[in-house]
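A.B. asks: Structure below; questions to follow.
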Amino acid sequence: MDAAFTAEQDEMRRTLREILGKRCGPDEVKAAVRTEAGYDRELWQQLSRQLGLPGIAIAEEYGGVGCAPADLTLACEETGRVLLPSPLLATAALAAPLIGALGTETQRTALLPALASGELTAALAVPGPALATALALTGDNAPGDWAGGGRAGGVQARADGDGWRLYGEVAQVLDGHSAGLLLVAAHTGGFARARTLLFLVRGDAPGLVRTRQATLDETRPQGRIELRDVKAELLGAPFQDAHGAGTGTGTDPLPALAAAGLLLATVLAAEAVGAAGQALARTVDYVCRREQFGRSIGSFQAVKHRLADLYVQVQAARSAAYYAAWDPEQGPLALAQALEALRITAGEAIQLHGGIGFTWEHDSHLYFKRAAADELLFGPVHRLRGHAAQQAGLFAAPDRSTTPSATPSATPQKAAV
């Protein structure tokens, strides 16, 4: 593996850092999250036009840039540094890969160019706080385990002529209150033959009610979605089952969700690394300026040791995130490492800022809220690591059938005198 970045990647990172540095200070971020959309629409359009940010990982034939996931990872490290509130995560790391993997050619041609240009934003609606399980990050995304089991709860779908109708409720949907397109996970076929499928719902569909929810981290806006007999389109091509009913798509959506989970984990790891690195840099700058007993507190040995430990933690997480960019299978472990680094760094940043750091209005709390909210939504860390270990077979019982057993001697031997 060649871990060196290309000149184009370095230039993209430099340009993005320059734009975000001018437009995304702490005050600008706080102002953006308090708008109706929860992000700066003008900045989003600028990033879409100048850098093609939402279309980085979309194929050129569908209007995207056609870059590798590593490019999206680098971009998200920069957006994480400033805690950029934007629909990038939900649109580019969740919706676009699912449409590309499951959608028909007509659906891809109609939707992906609009997503790549930033004109259309999208969100994935999964019942309840089960996004990490649906994406196979913290557990198996087997049917029924995370989508309501087909009995009650979640979203139900019924065939309506050539289309579908959805009814139910979904909470904690990333950018669900503002996205122009929703990918809704719903049950179809009744309980006995229930399947979890994905459906496309336009943001202005009749019967769709959306409400923005109060969240711990305002830079990750979430919405509650109510579907009251809403018309929907199946994501993928329908097929006829043995009973002659069009009950689903020829492609099982669960593997596509798991594949999207690997990309999301890599992107989130890069975001968390960027946030942790910036929180550490701000703390180092503060302790070098803050004086106590006639000298900067950063010159005290105890403070140096704590900062050195944080530096090692952040660099280890950065290495894991970069490795996952080339090997997405390592995404969940990289995400666990990065979330842990962000949580520890944000907590230490508040303490090292002293009394001012404990005030709720201080900028350090933006990073602390991001660390806590991301771990609640995509973790926790121990479940990410536990599921990765289970997938690797670390908890499997050893096969003793191939282990040579010792044959006891027929007669005991006496020790020589």
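Just so you know, our numbering puts 3 at position 23 of the sequence shown, and the rest follows in order with no gaps.
Think of the CB as a built atom: it goes at the ideal place given N, C-alpha and C, for glycine as much as any other residue.
#1: Measuring alpha carbon to alpha carbon, tell me which of Val361, Leu287, Thr53 and Ala369 ends up nearest alanine 112.
#2: Contact between the segment 339 to 358 and the segment 272 to 286: three or more CB pairs below 8 Å?
#3: State the start and end residues of the unbroken beta strand (DSSP E) segment that holds leucine 161.
#4: Note down, one range per segment and in chain order, each alpha helix (DSSP H) of at least 4 residues found wholly within the segment 71 to 147.
#5: If you drop the 5 nearest sequence neighbours on each side, which residues of the same chain put their C-beta closer than 6 Å to that of glutamate 149?
#6: Let's test the definition: count the other Cβ atoms within 10 Å of the Cβ of aspartate 265 and tell me whether it reaches 16, buried, or not, exposed.
#7: Quick test of the definition: if touching needs 3 or more C-beta pairs under 8 Å, does the segment 341 to 355 touch the segment 88 to 102?
#8: Which residues mark the beginning and the end of the alpha helix (DSSP H) in which phenylalanine 348 is found?
#9: Residues in the same chain with beta-carbon distance under 6 Å from leucine 180, minus the five sequence neighbours each way, listed in chain order, please.
#10: By the three-class DSSP mapping on this structure, what secondary structure does phenylalanine 273 have?
#11: Using the C-alpha atoms, what's the distance from leucine 178 back to alanine 238?
#12: Would a C-beta distance cut-off of 8 Å place alanine 96 and glycine 35 closer than the cut-off?
#13: Span of the alpha helix (DSSP H) holding valine 13?
#14: If you draw a straight line from the C-alpha of alanine 70 to the C-alpha of glycine 274, how long is it?
#15: Assign aspartate 20 to one of two classes, buried (16 or more other C-beta atoms within 10 Å of its C-beta) or exposed (fewer than that).
#16: Once DSSP output is grouped into helix, strand and coil, what is the label at alanine 225?
#17: Just how far apart, CA to CA, sit glycine 156 and leucine 68?
#18: Around the Cβ of glutamine 293, are there at least 16 other Cβ atoms within 10 angstroms (buried) or fewer (exposed)?
#19: Leaving aside the five residues before and after glycine 18 along the sequence, list all residues of the same chain whose C-beta is less than 8 Å from its C-beta, in chain order.
#20: Give me the Cα-Cα distance between glycine 311 and threonine 84, rounded to the nearest whole angstrom.
#21: What is the residue span of the alpha helix (DSSP H) that threonine 304 lies within?
#22: Considering only C-alpha positions, which residue in the set Ile38, Leu234, Glu251 and Gly373 is nearest to leucine 319?
#23: Should the segment 248 to 262 be regarded as contacting the segment 80 to 94, the criterion being three or more beta carbon pairs within less than 8 Å?
#24: Going straight from the alpha carbon of valine -5 to that of arginine 138, what length do you get?
#25: Can you give the beta carbon distance from tyrosine 147 to arginine 208, rounded, assuming they're within the 8 Å contact cut?
#26: Around the Cβ of valine 189, are there at least 16 other Cβ atoms within 10 angstroms (buried) or fewer (exposed)?
#27: Is glutamate 149 helix, strand or coil when you go by DSSP?
#28: What's the C-alpha gap between alanine 114 and aspartate 354?
#29: Among all the DSSP beta bridges, which residues are the ones paired with leucine 215?
#30: Please report the straight-line C-alpha distance between alanine 122 and arginine 269, rounded to a whole angstrom.
#31: How would you label proline 107, buried or exposed, when you count the other beta carbons within 10 angstroms and need 16 or more for buried?
#32: State buried or exposed for leucine 74, treating a residue as buried only when at least 16 other CB atoms are found within 10 Å of its CB.
#33: Grab the span of the alpha helix (DSSP H) containing valine 361 for me, first residue to last.
#34: So, tyrosine 347 versus alanine 326, is the Cβ gap smaller than 8 Å?
#35: By DSSP's criteria, glycine 203 is part of a beta bridge. Which residues make up the other side?
#36: Excluding five sequence neighbours on each side, which residues of the same chain lie with their C-beta closer than 6 Å to the C-beta of lysine 2?
C.D. replies: In this structure, then:
#1: Position 132 of the sequence shown, counted from the start, is the residue given in the question as residue 112. Nearest C-alpha to alanine 112: Val361.
#2: Because the criterion of three Cβ pairs below 8 Å is not met, the segment 339 to 358 and the segment 272 to 286 do not touch.
#3: Translated into the one-based positions of the sequence shown, residue 161 becomes position 181. Looking at the DSSP string, the run of the beta strand (DSSP E) that includes leucine 161 is 161 to 168.
#4: 76 to 82, 85 to 97 and 111 to 114
#5: Locating residue 149 in the sequence shown gives position 169, where the first residue counts as 1. For glutamate 149, where only same-chain residues beyond five positions count, the Cβ hits under 6 Å are Glu206.
#6: For the purposes of this step, residue 265 is taken as the residue at position 285 of the sequence shown. By the neighbour-count rule (16 or more Cβ atoms within 10 Å), aspartate 265 is not buried but exposed.
#7: no
#8: Walking along the sequence shown from the start, residue 348 turns up at place 368. Residues 344 to 358.
#9: Position 200 of the sequence shown, counted from the first residue, corresponds to residue 180. Within the same chain, leucine 180 has close Cβ partners Glu213 and Leu215.
#10: Here residue 273 corresponds to residue number 293 of the sequence shown, with the count starting at 1. DSSP places phenylalanine 273 in coil when its eight states are reduced to three.
#11: Within the sequence shown, the letter at position 258 stands for residue 238. Within the sequence shown, the letter at position 198 stands for residue 178. Cα-Cα distance, rounded: 14 Å.
#12: Within the sequence shown, residue 96 is the residue found at index 116, counting from 1. Within the sequence shown, residue 35 is the residue found at index 55, counting from 1. Contact: yes.
#13: For the purposes of this step, residue 13 is taken as residue 33 along the sequence shown, with counting starting at 1. It spans 6 to 13 - the alpha helix (DSSP H) in which valine 13 sits, taken as one unbroken run.
#14: In the sequence shown, the residue the question calls residue 70 occupies position 90. In the sequence shown, the residue the question calls residue 274 occupies position 294. Approximately 49 Å, taken between the alpha carbons.
#15: On the sequence shown, residue 20 is found 40 positions in, with the first residue counted as 1. Flag for aspartate 20 reads buried.
#16: Position 245 of the sequence shown, counted from the first residue, corresponds to residue 225. At alanine 225 the pLDDT is 46, less than 50, meaning the model places this residue with poor confidence and gives no usable figure here.
#17: Position 176 of the sequence shown holds residue 156. Position 88 of the sequence shown holds residue 68. Between glycine 156 and leucine 68, the C-alpha separation is close to 13 Å.
#18: Position 313 of the sequence shown, counted from the start, is the residue given in the question as residue 293. Per the 10 Å Cβ criterion, buried.
#19: For this step, residue 18 is matched to residue 38 along the sequence shown. For glycine 18, where only same-chain residues beyond five positions count, the Cβ hits under 8 Å are Ala12, Pro65, Asp155, His157, Ser158, Arg192, Glu198 and Pro201.
#20: Along the sequence shown, one-based indexing puts residue 311 at 331. Along the sequence shown, one-based indexing puts residue 84 at 104. Near 28 Å, if we compare the C-alpha coordinates of threonine 84 and glycine 311.
#21: Start at 1 with the first residue of the sequence shown, and residue 304 comes out as number 324. According to the sequence displayed, residue 304 carries alanine and not threonine. Unbroken alpha helix (DSSP H) run through alanine 304: 281 to 306.
#22: Residue mapping note: residue 319 aligns to position 339 of the sequence shown, counting from 1. When only C-alpha atoms are compared, the closest one is Glu251.
#23: Three or more Cβ pairs closer than 8 Å define a contact, and the segment 248 to 262 falls short of that threshold against the segment 80 to 94.
#24: By one-based count along the sequence shown, residue -5 stands at place 15. By one-based count along the sequence shown, residue 138 stands at place 158. Residue identity differs from the one stated: residue -5 is threonine in this sequence, not valine. Taking the straight line from one Cα to the other gives about 48 Å.
#25: The residue labelled residue 147 in the question sits at position 167 within the sequence shown. The residue labelled residue 208 in the question sits at position 228 within the sequence shown. So it is a contact: roughly 6 Å between Cβ atoms.
#26: The residue given as residue 189 occupies position 209 in the sequence shown. When all chains shown are included, valine 189 counts as exposed.
#27: What you label residue 149 is simply residue 169 of the sequence shown in a count that begins at 1. It is a strand residue.
#28: Taking the first residue of the sequence shown as 1, we reach residue 114 at position 134. Taking the first residue of the sequence shown as 1, we reach residue 354 at position 374. Those two C-alpha atoms are separated by around 16 Å.
#29: Looking up residue 215 in the sequence shown gives position 235. BP columns for leucine 215 are empty, so no partner.
#30: Numbered from its first residue, the sequence shown carries residue 122 at position 142. Numbered from its first residue, the sequence shown carries residue 269 at position 289. Distance between the alpha carbons of alanine 122 and arginine 269: 53 Å.
#31: Locating residue 107 in the sequence shown gives position 127, counting from the first residue. By the Cβ neighbour-count rule, proline 107 is buried, with 16 or more other Cβ atoms within 10 Å of its own.
#32: For this step, residue 74 is matched to residue 94 along the sequence shown. Burial of leucine 74 is indicated by the presence of at least 16 other C-beta atoms within 10 angstroms of its C-beta.
#33: For the purposes of this step, residue 361 is identified with residue 381 of the sequence shown, where counting begins at 1. Start and end: 361 to 371.
#34: The residue given as residue 347 occupies position 367 in the sequence shown. The residue given as residue 326 occupies position 346 in the sequence shown. It is a contact, given that the beta carbons lie within the stated cut-off.
#35: Here residue 203 is taken as the residue at index 223 of the sequence shown, counted from 1. For glycine 203, which the question treats as bridged, DSSP gives the partners Val153 and Arg192.
#36: Here residue 2 corresponds to residue number 22 of the sequence shown, with the count starting at 1. Contacts found: none.
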